[in-house]
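Written below as structure tokens is the structure these notes are about.
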Amino acid sequence: MNINIRNNQKTSTSIEKDNRNHILASPYNIKEGIIDSLATELSFFNYQNYPLPNNPKMRRATFYFRSHVNKRIIGAFVVLKTLQDKCISQKEVRDYFPQLKKAFVSKVFNHCVEEEWFIAHESHISAKIMCYKANDIMLKNTEYYYTEYVSSRDKLKFIS
Numbered sequence: 005m006n007i008n009i010r011n012n013q014k015t016s017t018s019i020e021k022d023n024r025n026h027i028l029a030s031p032y033n034i035k036e037g038i039i040d041s042l043a044t045e046l047s048f049f050n051y052q053n054y055p056l057p058n059n060p061k062m063r064r065a066t067f068y069f070r071s072h073v074n075k076r077i078i079g080a081f082v083v084l085k086t087l088q089d090k091c092i093s094q095k096e097v098r099d100y101f102p103q104l105k106k107a108f109v110s111k112v113f114n115h116c117v118e119e120e121w122f123i124a125h126e127s128h129i130s131a132k133i134m135c136y137k138a139n140d141i142m143l144k145n146t147e148y149y150y151t152e153y154v155s156s157r158d159k160l161k162f163i164s
């Protein structure tokens, strides 16, 4: 059997070396990834133990989004999309999180618009379909918690 190898192709021995090097390097990367992931997860599980902000509007939003994990998911997702300079519809939220019921999502969005935590815009598709972004209070609240408690996530990485 003749095998034609071009200049840009690797021989079987060089492929094995590449794979071996990759395998040798991966346990360290996996372990660091797990540590980062667990530290972040623990800080998320602990969010209800963080002190409440002093600003009454931020405090009200904090109470609301701490009251139910699905409200927290919706709030965090809208903030994420806003930070990515994207607008999101209620249907897109339900598509990303199929466990959320239409009535619940609608109620949360309506309440958040009423409280001025979300801003509703008409979508480019139809005037009946609204597109949502997080208002400044939500962005400030997110920034507050991120900067205030990022050190607790970092500390968890170094606990031995």
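Throughout the sequence shown, residue numbering follows my numbering, covering 5 to 164 in sequence.
From the three backbone atoms N, C-alpha and C, an ideal C-beta is built for every residue, glycine too.
- For C116, the uninterrupted alpha helix (DSSP H) run begins and ends at K106 to E118, by DSSP.
- In terms of Cα proximity to I77, the closest of I141, V112 and I123 is V112.
- Minimum Cα-Cα distance from T151 among the listed residues S41, K35 and P57 corresponds to P57.
- Annotated as proximal: Q94 and Y136, with beta-carbon spacing under 9 Å.
- Around the beta carbon of I92, a 10 Å sphere encloses 16 or more other beta carbons of the protein chains shown; the residue is thus reported as buried.
- For Y100, the enclosing alpha helix (DSSP H) has its first and last residue at Q94 to Y100.
- The Cβ-Cβ distance between F101 and F81 falls below 9 Å.
- Apart from the 5 residues on each side of it in sequence, L143 sits with its Cβ closer than 8 Å to the Cβ of V83, T86 and L87 in its chain, given in chain order.
- Distances from the CA of E118 to each of N139, F49 and K90 were compared; the closest alpha carbon is that of N139.
- In summary, T44 is exposed, with fewer than 16 beta-carbon neighbours lying within 10 Å of its beta-carbon over all protein chains present.
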